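Trainee: Chains as they are written, first to last, in my numbering: chain E, 1 to 334; chain H, 1001 to 1133. Just so you know, even glycine gets a beta-carbon here, dropped at the ideal spot from N, CA and C. A quick note: this is a predicted structure, and the numbers were derived from the prediction, not measured.
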Amino acid sequence: MQVEGYQHRHAGHCESGVMSALLSHQGLELSEPLAFGLSSALVFAHFPFVRVGGVPLTSYRMPPGHIIKGLERSLGVRITRRRYRDPARGMRELDELLDAGRPVGLQTSVYWLPYFPPDMRFHFNAHNLIIFGREGDDYLVSDPVVEHPQRIARADLEKARFVRGPFAPRGLIYFPTDVPQSVDLTHAVPRAIRRTLNINTRLPLPVVGLPAIRRMAKTLREMPRRHPDPRYQRLYVGSIVRMQEEIGTGGGGFRFIQGAFLQQAGHALGDERLHAAAEAMIAAGDQWRQFALRGARLVKAKQPTAQGFAELADELLACAEVERKAFEALRSTL
Amino acid sequence: MKRDEVPQYRNRVLAGARKAVYAVDENGEIGAVASTGWEVEEIVTTLALDDFRLHADEALARARRAETSPLEYHMYAQRMDLPTLAQSVGLQRWRVRRHLRSRTFARLSPALLRRYAEALGISVDALRRLPGQ
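(1) The beta strand (DSSP E) with Lys1019 of chain H in it runs from where to where?
(2) Can you pull the chain H neighbours of Lys302 of chain E, defined as C-beta to C-beta under 8 Å?
(3) Straight-line CA distance for Leu98 of chain E to Gly105 of chain E?
(4) Give me the subset of the stretch 102-113 of chain E whose CB atoms are less than 9 Å from a CB atom of chain H, sorted by chain position.
(5) I'd like the list of long-range same chain contacts for Gln26 of chain E, defined as Cβ closer than 7 Å, with 5 residues on each side in sequence excluded.
(6) Just to confirm my understanding: we take Ala168 of chain E, look at its own chain, exclude 5 residues before and 5 after, and list those with CB closer than 8 Å. What are they?
(7) Considering only heavy atoms of the ligand GTP, does any lie closer than 7 Å to the CB of Arg234 of chain E?
(8) Taking all protein chains shown into account, do 16 or more other C-beta atoms lie within 10 angstroms of the C-beta of His123 of chain E, making it buried, or fewer, making it exposed?
(9) Measuring alpha carbon to alpha carbon, tell me which of E:Glu72, E:Asp137 and E:Thr333 ends up nearest Leu269 of chain E.
(10) Could you name the residues of the stretch 209-238 of chain E whose beta carbon sits closer than 9 Å to any beta carbon of chain H, in the order they occur along the chain?
(11) Check the DSSP bridge columns for Thr80 of chain E and list the partner residues they point to.
(12) Quick one, which residues of the stretch 1067-1088 of chain H are near chain E if we go by CB-CB under 7 Å, in chain order?
(13) Return the CA-CA distance between Arg1079 of chain H and Asp271 of chain E, expressed in angstroms with no decimal places.
(14) With a threshold of 16 other CB atoms inside 10 Å of the CB of Ala1111 of chain H, please say whether the residue is buried or exposed.
(15) Mind pulling the chain H residues with CB within less than 9 Å of Ala283 of chain E?
(16) Which term fits Ala1066 of chain H, buried or exposed, when burial requires 16 or more other beta carbons within 10 angstroms of its beta carbon?
(17) Measuring only the C-alpha atoms, how far is Gly250 of chain E from Phe44 of chain E?
(18) Put Gln287 of chain E into one of helix, strand or coil per three-state DSSP.
(19) Under the rule that 16 or more other beta-carbon atoms within 10 Å means buried, what is Trp112 of chain E, buried or exposed?
(20) Does the beta-carbon distance from Val1089 of chain H to Ala1119 of chain H come in below 8 Å?
(21) Measure the Cβ-Cβ separation of Ile152 of chain E and Val141 of chain E and say whether it is below 8 Å.
(22) When you compare the stretch 281-297 of chain E with the stretch 249-264 of chain E, are there three or more beta-carbon pairs, one atom per stretch, that lie closer than 8 Å?
(23) With DSSP run on the structure shown, which of helix, strand or coil describes Ile247 of chain E?
(24) Across the stretch 1033-1043 of chain H and the stretch 1005-1022 of chain H, are there enough close Cβ pairs to call them in contact, namely three or more that are closer than 8 Å?
(25) Give a yes or no on whether the minimum CB-CB distance between Met19 of chain E and chain H is below 8 Å.
(26) Suppose contacts are defined by Cβ-Cβ distances below 8 Å. Is Arg1060 of chain H in contact with Tyr1073 of chain H by that definition?
(27) Closest to Thr201 of chain E by C-alpha separation, out of E:Glu321, E:Leu28 and E:Gln181, would be which residue?
(28) Our contact map puts Arg289 of chain E next to Ala1048 of chain H with C-beta atoms below 8 Å; I'd like the distance itself, whole angstroms only.
(29) Please work out which residues of its chain come closer than 6 Å, Cβ to Cβ, to Ser39 of chain E, disregarding the five sequence neighbours upstream and downstream, and give them in chain order.
(30) Can you check which of these residues, H:Val1021, H:Pro1131, H:Glu1029 and H:Val1044, is closest to Asp119 of chain E by C-alpha distance?
(31) Mind listing which residues of the stretch 144-174 of chain E have their C-beta closer than 9 Å to chain H's C-betas, in chain order?
(32) Under three-state DSSP, which class holds His187 of chain E?
(33) In the DSSP assignment, what are the bridge partners of Tyr139 of chain E?
(34) Cβ of Ala278 of chain E less than 8 Å from any chain H Cβ?
(35) Which residues in the same chain have their Cβ closer than 7 Å to the Cβ of Lys159 of chain E, if we skip the five residues on either side of it in sequence?
(36) Would you identify the three-state DSSP class for Pro48 of chain E, choosing helix, strand or coil?
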């Protein structure tokens, strides 16, 4: 049994990919970049006091669930969410929704998805995917970050939905209910852009946005003195780069997806300023990739040097600078 | 990034899978392109995996000398650290830290052993043993 007419889409990021596929299936054609941009998901955040695997948490997008919530706000869709204490009930209700012909979004743990490449399986519990059918004891999976649809055994899916730990999914399933048949981009786009600007340039906290980038550059510069342990140094830099390039970002720490959003909005609204902002955003993504490249070189050395850290910090300050310009271009579209 | 600059490095950690990355085509349009990965990603992901492996090897050596429990080895072997394991079994960190000691571990109740085994995705039997035993 398979939901009729469901189309798998390969995406750069799981949450925006799931929302794009679910809404498009229900008649509101929405590309992944629009899902990402309209929910104002772009950010840079670095929390020195929140540790993951012993190093500070770094993120290039808003926390899990933000895209779903942001789209409710900007598109006026309603998303029904259900969490379960009892796994058996969580599986039964999934079956019922599938039987009713609905593709369903689920939160799962990457570590317990057998179709993931073994080396990519970490304990990240906020991975989004779509189940769009069932055959015997197998479910049909449309995982946006995977090129083609997959299958997963019932027991494996249950495990992935009901793990405990950080971001525990508690069996979360979600699906859009009230879906408008079109979006008024003339209003939604400026609102989303204003929100992205507020998050990244106006928060008085040095853990989010441009100030956070500059502060991380300072941390990197002081690293050889403050944390002489090369094992910590390499893990720290490795984690920043991994979050930027490897963990479902569509490349360039989501800056390329944001650029695509601005370009598509520019086409739809016929606004040249949005195209200019798109280019500035792409330039930011390119600079972040330069940073990642230098970071990877530093990590590759068994013993990173003070010189290496100084150069990496400079590269990061350059990121802050192009990003500032990108936000300036964004502001000029309002 | 231009479309023809999208790395096709055959990143080993992707094991042949392709991911979607966004790039600019010759007409200036930005769209998703399938990529076999970038060297940078391979370096940083391998680093994260190696760190778990290193911890697991160290724990294994100590567990063989009975200086720590098999639980510590299995924790790292399943790519967890102490905070993740504690949250996954629903215990306070200090309790898990105690359970990592080999003498405390040997006295754990069957119920607690089951919880650990389930969180780690291995059998109780495997949890009490070390590889090659």
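Mentor: Concretely, from the data shown:
(1) For the purposes of this step, residue 1019 of chain H is taken as residue 19 along the second sequence, with counting starting at 1. Looking at the DSSP string, the run of the beta strand (DSSP E) that includes Lys1019 of chain H is Lys1019 to Val1024.
(2) Locating residue 302 of chain E in the first sequence gives position 302, where the first residue counts as 1. Within chain H, no residue comes near Lys302 of chain E; the closest Cβ sits about 11 Å away, beyond 8 Å.
(3) Looking up residue 98 of chain E in the first sequence gives position 98. Looking up residue 105 of chain E in the first sequence gives position 105. Cα to Cα, the separation comes out at about 11 Å.
(4) Near chain H, meaning a CB-to-CB distance below 9 Å, the residues of the stretch 102-113 of chain E are Tyr111 and Trp112.
(5) In the first sequence, counting from the first residue as 1, residue 26 of chain E sits at position 26. In its chain, beyond the 5 residues on either side, Pro176 and Val179 have a beta carbon closer than 7 Å to the beta carbon of Gln26 of chain E.
(6) The residue you call residue 168 of chain E lines up with position 168 of the first sequence. Cβ neighbours of Ala168 of chain E beyond the five flanking positions: Asn125.
(7) Absence of the ligand GTP is noted for the structure shown, with no ligands found whatsoever.
(8) On the first sequence, position 123 is the one that residue 123 of chain E refers to. Looking at its Cβ environment, which holds 16 or more other Cβ atoms inside 10 Å, His123 of chain E is buried.
(9) Taking the first sequence and counting its residues from 1, the one referred to as residue 269 of chain E is at position 269. Comparing Cα positions, the closest option is E:Thr333.
(10) Taking 9 Å as the Cβ-Cβ cut-off against chain H, the residues of the stretch 209-238 of chain E that qualify are Arg231, Arg234, Leu235, Val237 and Gly238.
(11) The residue given as residue 80 of chain E occupies position 80 in the first sequence. Listed as beta-bridge partners of Thr80 of chain E by DSSP are E:Phe175.
(12) Residues passing the 7 Å Cβ filter: Arg1079, Met1080, Asp1081, Thr1084, Gln1087 and Ser1088.
(13) Position 79 of the second sequence, counting from 1, holds the residue named residue 1079 of chain H. Position 271 of the first sequence, counting from 1, holds the residue named residue 271 of chain E. Spanning the two alpha carbons is a distance of roughly 48 Å.
(14) Within the second sequence, residue 1111 of chain H is the residue found at index 111, counting from 1. When all chains shown are included, Ala1111 of chain H counts as exposed.
(15) Locating residue 283 of chain E in the first sequence gives position 283, counting from the first residue. Within chain H, no residue comes near Ala283 of chain E; the closest Cβ sits about 10 Å away, beyond 9 Å.
(16) Position 66 of the second sequence holds residue 1066 of chain H. By the neighbour-count rule (16 or more Cβ atoms within 10 Å), Ala1066 of chain H is not buried but exposed.
(17) Position 250 of the first sequence holds residue 250 of chain E. Position 44 of the first sequence holds residue 44 of chain E. If you take the alpha carbons of Gly250 of chain E and Phe44 of chain E, they lie about 15 Å apart.
(18) Position 287 of the first sequence, counting from 1, holds the residue named residue 287 of chain E. In the structure shown, Gln287 of chain E adopts helical secondary structure according to DSSP, grouped into three states.
(19) The sequence position of residue 112 of chain E within the first sequence is 112, counting from 1. The residue is buried, with at least 16 neighbouring Cβ atoms inside 10 Å.
(20) Residue 1089 of chain H sits at position 89 when you count from the first residue of the second sequence. Residue 1119 of chain H sits at position 119 when you count from the first residue of the second sequence. Ala1119 of chain H is positioned such that its CB atom lies closer than 8 Å to that of Val1089 of chain H.
(21) Counting from 1 along the first sequence, the entry for residue 152 of chain E is found at position 152. Counting from 1 along the first sequence, the entry for residue 141 of chain E is found at position 141. Cβ distance < 8 Å, so Ile152 of chain E and Val141 of chain E count as in contact.
(22) As far as the Cβ criterion goes, the stretch 281-297 of chain E touches the stretch 249-264 of chain E, which means the pair count is three or higher.
(23) For the purposes of this step, residue 247 of chain E is taken as residue 247 along the first sequence, with counting starting at 1. Correct three-state label for Ile247 of chain E: coil.
(24) Touching, yes.
(25) Residue 19 of chain E sits at position 19 when you count from the first residue of the first sequence. By this cut-off, Met19 of chain E is not an interface position.
(26) Taking the second sequence and counting its residues from 1, one reaches residue 1060 of chain H at position 60. Taking the second sequence and counting its residues from 1, one reaches residue 1073 of chain H at position 73. Looking at the sequence itself, residue 1060 of chain H is Leu, so the reference to Arg does not match. Using a Cβ distance threshold of 8 Å, Leu1060 of chain H and Tyr1073 of chain H count as a contacting pair.
(27) Start at 1 with the first residue of the first sequence, and residue 201 of chain E comes out as number 201. Taking only the C-alpha atoms, the option nearest Thr201 of chain E is E:Glu321.
(28) Here the question's residue 289 of chain E lines up with position 289 in the first sequence. Here the question's residue 1048 of chain H lines up with position 48 in the second sequence. Incorrect: roughly 19 Å between the Cβ atoms, too far for contact.
(29) As a working mapping, residue 39 of chain E is identified with position 39 in the first sequence. Excluding five sequence positions before and after Ser39 of chain E, the CB atoms of its chain that fall closer than 6 Å to its own CB belong to Ile67, Gly70 and Leu71, given in chain order.
(30) As a first step, residue 119 of chain E is located in the first sequence; it is residue number 119 there, counting from the start. Of the listed residues, the one whose Cα sits closest to Asp119 of chain E is H:Val1044.
(31) Answer in chain order: Pro144, Val145, Val146, Glu147, Lys159, Val163, Arg164, Gly165, Pro166 and Ala168.
(32) As a first step, residue 187 of chain E must be located in the first sequence, where it is residue number 187. Note: His187 of chain E maps to helix in three-state DSSP.
(33) Taking the first sequence and counting its residues from 1, one reaches residue 139 of chain E at position 139. Paired residue(s): E:Arg134 and E:Ile152.
(34) Stepping through the first sequence from its first residue, residue 278 of chain E is reached at position 278. Yes, Ala278 of chain E counts as interfacial toward chain H.
(35) Locating residue 159 of chain E in the first sequence gives position 159, counting from the first residue. Same-chain partners within the cutoff: Trp112.
(36) Position 48 of the first sequence, counted from the start, is the residue given in the question as residue 48 of chain E. Shown here, Pro48 of chain E sits in a strand according to DSSP, grouped into three states.
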